[in-house]
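Asks: Pasting in a structure now, in structure tokens, and then I'll have a few things to ask.
Protein chains in written order, with my numbering: chain A, 1 to 296; chain B, 1 to 196.
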């Protein structure tokens, strides 16, 4: 089907709404995981910190406030159905406009600056930002948009290591665990650990980002062997005692998510991307009749 | 563990009595500082346009709305302190800052400054901006507005806390204690996974 000009205005509105919704309304899976962490902590400081986190989520709900002051780097994961005839450059422009509108009309802090001059356009955009990933769905008439405002306390704790095949899976696990000890308090624990394995250096890092930011807590990698490694690493990380905000306690990570890709015979890449406890994301599905359904 | 309710400005005596693990709740004025304004202060040697003597400074850049005669709060939260570690000696030695409020802690340069001049690091819950914004009564000023959002902010707070004393004026650092234990736990964790 062909799409009218109105559709792009709708996308712009949806992207504006998604950015604001993501900043205010934490997904139910994240809330549940934090509640469990609060209940399980016995260390007094850790319990105190978790109670502030729970109170923060309530205040954000009641007063329609931002969960965290870091409005993040705006990232959109867009899936386009095969049966919808879209003008993708126009779609891209609609996403960028929605991002600007959210920032200036709400308003909230623009966290984006140019890389060398450090100039802030005050609208959360800049050269190549927002970051937009396009994917495609077969036999679908829908457009799906997942918005992630990626906080930088956690983003600054990102790693890539081009291990070699002889390092094996054990080398990968060791690198991950050593990195977590190193980053400690910085990415606002309890956090989600996103792991990319395989691919090339760029794909590996992208997979780590997807693992950290797009998957609900409680989801497992469909490959049972990888799901087992996710669980094993989660248990291991939670034995380190880093705890909420790195001041000690039993919950350091809420989840470990792994995403992988085939790789070159000479490579054994691993990437780590951390998502803080304020694991914000918001999703919308727009169907061919321009009905919008919001979710997480 | 002792709980304190303190009014800013803080004296050396106020902060010297604090030990790691204590909890502090603050009332009065606090200043918002971070990367860009600290770079101007110390790398470009421009003195701050506010009196920081005895102050508590929070690592932040808030979301605000410009209104008649100033700014209205939208979201005030705390950023990662480690990036600002090297500025603490100047803040405390040159300008008399007594407390840094931040998240994730700092290292040797700040620990040394806190020991030498009498200062503390008060840990706030990172990411809990909705909660923190509730404790901000008003924005009383913004200085160096050209650095927006990284201006120097003057906030009036009521009941900001409990904040956890994570670094005290005796060289103790709760983050480093926790990290040391995590490092020590690693060989056993790896052994369990069959990794040498």
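Using N, Cα and C, we set each Cβ at its ideal position, and we do this for glycine too.
I need the DSSP call for residue 91 of chain B, collapsed to helix, strand or coil.
Replies: Residue 91 of chain B falls in the helix class under three-state DSSP.
Asks: Any idea what DSSP makes of residue 61 of chain B, helix, strand or coil?
Replies: Coil.
Asks: Mind checking whether residue 143 of chain A and residue 84 of chain A have CB atoms under 8 Å apart?
Replies: Going by C-beta atoms, residue 143 of chain A is nearer than 8 Å to residue 84 of chain A.
Asks: Do we get a CB-CB distance below 8 Å when we pair residue 185 of chain B with the residues of chain A?
Replies: Yes, because at least one Cβ of chain A sits closer than 8 Å to the Cβ of residue 185 of chain B.
Asks: Just how far apart, CA to CA, sit residue 101 of chain B and residue 96 of chain A?
Replies: If I take the Cα positions, the gap works out to 35 Å.
Asks: Could you tell me which of B/123, B/196, B/188, B/194 sits nearest to residue 239 of chain A, measuring between CA atoms?
Replies: The shortest Cα separation from residue 239 of chain A among B/123, B/196, B/188, B/194 belongs to B/188.
Asks: Using the three-state DSSP reduction, which class does residue 158 of chain B fall into: helix, strand or coil?
Replies: Reduced to three states, the DSSP call for residue 158 of chain B is strand.
Asks: Does DSSP classify residue 296 of chain A as helix, strand or coil?
Replies: In the structure shown, residue 296 of chain A sits in coil (DSSP, three-state: anything other than H, G, I, E or B).
Asks: Using the C-alpha atoms, what's the distance from residue 265 of chain A back to residue 47 of chain A?
Replies: Taking the straight line from one Cα to the other gives about 47 Å.
Asks: Which parts of the stretch 20–56 of chain B are runs of the alpha helix (DSSP H), unbroken and 4 residues or longer, counting only runs that do not cross its ends?
Replies: DSSP runs (the alpha helix (DSSP H)) wholly in the stretch 20–56 of chain B: 35–38.
Asks: If I follow the unbroken beta strand (DSSP E) through residue 116 of chain B, where does it start and stop?
Replies: Note, residue 116 of chain B: premise wrong, no beta strand (DSSP E); alpha helix (DSSP H) at 108–117.
Asks: Which residues in chain A sit within 9 Å of residue 104 of chain B, going by Cβ to Cβ distance?
Replies: Those within 9 Å of residue 104 of chain B in chain A are 153, 184, 185, 186, 187, 188, 245, 246.
Asks: For residue 170 of chain B, does the count of other Cβ atoms within 10 angstroms reach 16, so buried, or fall short, so exposed?
Replies: The residue in question, residue 170 of chain B, is exposed, as its Cβ has fewer than 16 Cβ neighbours within 10 Å.
Asks: Here's the rule: buried if 16 or more other CB atoms are within 10 angstroms of the residue's CB, otherwise exposed. What is residue 1 of chain B?
Replies: Exposed, since its Cβ has fewer than 16 Cβ neighbours within 10 Å.
Asks: Spell out the partners DSSP gives residue 146 of chain A in its beta bridges.
Replies: Residue 146 of chain A pairs with A/77, A/283.
Asks: So, helix, strand or coil for residue 126 of chain B, using DSSP?
Replies: Here residue 126 of chain B sits in coil by DSSP.
Asks: Is any non-hydrogen atom of the ligand HEM found closer than 7 Å to the C-beta of residue 56 of chain A, if you look at the structure I gave you?
Replies: Looking at this structure, you won't find the ligand HEM or any other ligand, since it has none at all.
Asks: Residue 174 of chain B to residue 186 of chain A, Cα distance in whole Å?
Replies: In a straight line, the C-alpha of residue 174 of chain B is about 14 Å away from that of residue 186 of chain A.
Asks: Go through its chain and collect everything with a Cβ distance to residue 258 of chain A's Cβ below 7 Å, but skip five positions before and after it.
Replies: Within the same chain, residue 258 of chain A has close Cβ partners 195, 197, 211, 221, 226, 229, 230.
Asks: Using the Cβ count rule (16 or more neighbours within 10 Å means buried), how would you classify residue 293 of chain A?
Replies: When all chains shown are included, residue 293 of chain A counts as exposed.
Asks: Curious, which full-length alpha helix (DSSP H) runs of at least 4 residues does the stretch 146–177 of chain A contain?
Replies: Fully enclosed alpha helix (DSSP H) runs of 4 or longer: 152–155.
Asks: Determine the closest residue to residue 93 of chain B out of B/162, B/193, B/136, B/111, with distance taken between C-alpha atoms.
Replies: Checking every option, the nearest Cα to that of residue 93 of chain B belongs to B/111.
Asks: Quick check: what's the CA-CA separation for residue 138 of chain B versus residue 8 of chain B?
Replies: Approximately 15 Å, taken between the alpha carbons.
Asks: Report the partner residues of residue 264 of chain A according to the DSSP bridge assignment.
Replies: Bridge partners of residue 264 of chain A: none, in fact.
Asks: Residues of the stretch 39–66 of chain A in Cβ contact with chain B at a cutoff of 8 Å, in chain order, please.
Replies: Residues 44, 45, 48, 49, 52, 53, 55, 56, 57, 59, 60, 63, 65, 66.
Asks: Suppose you measure from the CA of residue 67 of chain B to the CA of residue 178 of chain A; what does that come to, to the nearest Å?
Replies: Each residue's Cα considered, the two are about 48 Å apart.
Asks: Leaving aside the five residues before and after residue 297 of chain A along the sequence, list all residues of the same chain whose C-beta is less than 6 Å from its C-beta, in chain order.
Replies: Lying outside 1 to 296, the shown extent of chain A, residue 297 of chain A is not represented and no answer is given.
Asks: Taking the alpha-carbon positions, what's the residue 183 of chain A to residue 6 of chain A distance?
Replies: Between residue 183 of chain A and residue 6 of chain A, the C-alpha separation is close to 46 Å.
Asks: Exposed or buried, what is residue 155 of chain B when buried is set at 16 or more other beta-carbons lying within 10 Å of its beta-carbon?
Replies: Per the 10 Å Cβ criterion, buried.
Asks: Kindly indicate if chain A contains any beta-carbon less than 8 Å away from that of residue 138 of chain B.
Replies: For residue 138 of chain B, the answer is no, since every Cβ of chain A falls outside 8 Å of its Cβ.
Asks: Specify, as a first and last residue, the run of the beta strand (DSSP E) that residue 7 of chain B falls within.
Replies: Counting along the chain, the beta strand (DSSP E) containing residue 7 of chain B begins and ends at 3–7.
Asks: Report yes or no: is there a C-beta of chain A within less than 8 Å of the C-beta of residue 114 of chain B?
Replies: False, the Cβ-Cβ gap to chain A never drops below 8 Å.
Asks: Grouping DSSP H, G and I as helix and E and B as strand, with all else coil, what is residue 270 of chain A?
Replies: Residue 270 of chain A falls in the strand class under three-state DSSP.
Asks: Could you list which residues in chain A have their beta carbon closer than 7 Å to that of residue 134 of chain B, in chain order?
Replies: Chain A residues near residue 134 of chain B: 59.
Asks: Helix, strand or coil: how does DSSP classify residue 113 of chain A here?
Replies: Note: residue 113 of chain A maps to strand in three-state DSSP.
Asks: In chain order, which alpha helix (DSSP H) runs of at least 4 residues are fully inside the stretch 40–78 of chain A?
Replies: Complete alpha helix (DSSP H) runs here, min 4: 44–63.
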